[in-house]
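One structure below.
Numbering (my numbering), first residue to last: 13 to 164.
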């Protein structure tokens with residue numbers, strides 16, 4: 013098992029962050045490697061909804077199934093991602109904070125993410141030898157989202 017935690021501060025209010033985060037039309041803008049996705053359930057973006065995602069990674073294209081397991085936006089979004097040999101449980105927490113800088117104030121969103129990966133078969137060997145493949149991916153998506161959101 014590999015567990016990693018990451019935090020990113022996005023210089024936008026939480027309502028703007030959620031507007032962008034929830035919108036699946038923007039996924040390709042900040043999820044590098046995403047080739048395509050297909051909703052598998054009619055209730056998109058709700059607890060229990062599933063999506064099939066094709067992702068280019070390590071020179072190959074993998075298919076994973078995303079299932080939203082908990083959702084209490086704007087503060088909580090959790091999902092599992094399953095592909096051959098890998099289960100990733102992702103917990104994302106968001107909080108809005110007022111930052112003061114001299115006479116200026118700004119609303120920012122603090123995004124905390126915890127990813128827990130478990131492995132079976134050959135993926136256990138890969139994870140032991142190169143754990144950074146898994147731990148760095150979550151943080152990279154967060155930084156890419158921050159860049160995307162602040163450019164909108």
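C-beta: ideal position from N, C-alpha, C; glycine also.
Under three-state DSSP, which class holds residue i?
i	result
residue 153	helix
residue 135	helix
residue 37	helix
residue 53	coil
Within the continuous alpha helix (DSSP H) that includes residue i, where are the two ends?
i	result
residue 26	26–34
residue 76	Element bounds for residue 76: not the alpha helix (DSSP H) but the beta strand (DSSP E), 72–84.
residue 44	Unbroken run through residue 44: none, as it is neither H nor E.
Using 10 angstroms around the beta-carbon of residue i, count the other beta-carbons present and answer buried if the total reaches 16, otherwise exposed.
i	result
residue 19	exposed
residue 155	exposed
residue 104	buried
residue 102	buried
For the beta strand (DSSP E) containing residue i, list its first residue and its last residue.
i	result
residue 13	Element bounds for residue 13: n/a, residue is neither H nor E.
residue 61	Counting along the chain, residue 61 falls outside any beta strand (DSSP E), and DSSP gives it neither H nor E.
Tell me, which residues are paired with residue i by DSSP?
i	result
residue 96	DSSP lists no partner for residue 96.
residue 146	Per DSSP, none; premise fails for residue 146.
residue 20	123
residue 65	49 and 76
- prompt: Can at least three beta-carbon pairs, one atom from the region 128–140 and one from the region 25–41, be found at a separation below 8 Å?
  reply: no
- prompt: Counting Cβ pairs closer than 8 Å, one from the region 112–122 and one from the region 87–94, do we hit at least three?
  reply: no
query: Below 8 Å, can you find three or more Cβ-Cβ pairs linking the region 36–48 to the region 140–148?
result: Judged by Cβ distances under 8 Å, the region 36–48 makes no contact with the region 140–148, as fewer than three pairs qualify.
- prompt: Is the region 71–84 in contact with the region 122–129, if contact means three or more CB pairs nearer than 8 Å?
  reply: The answer is no - the region 122–129 does not touch the region 71–84, with fewer than three Cβ pairs under 8 Å.
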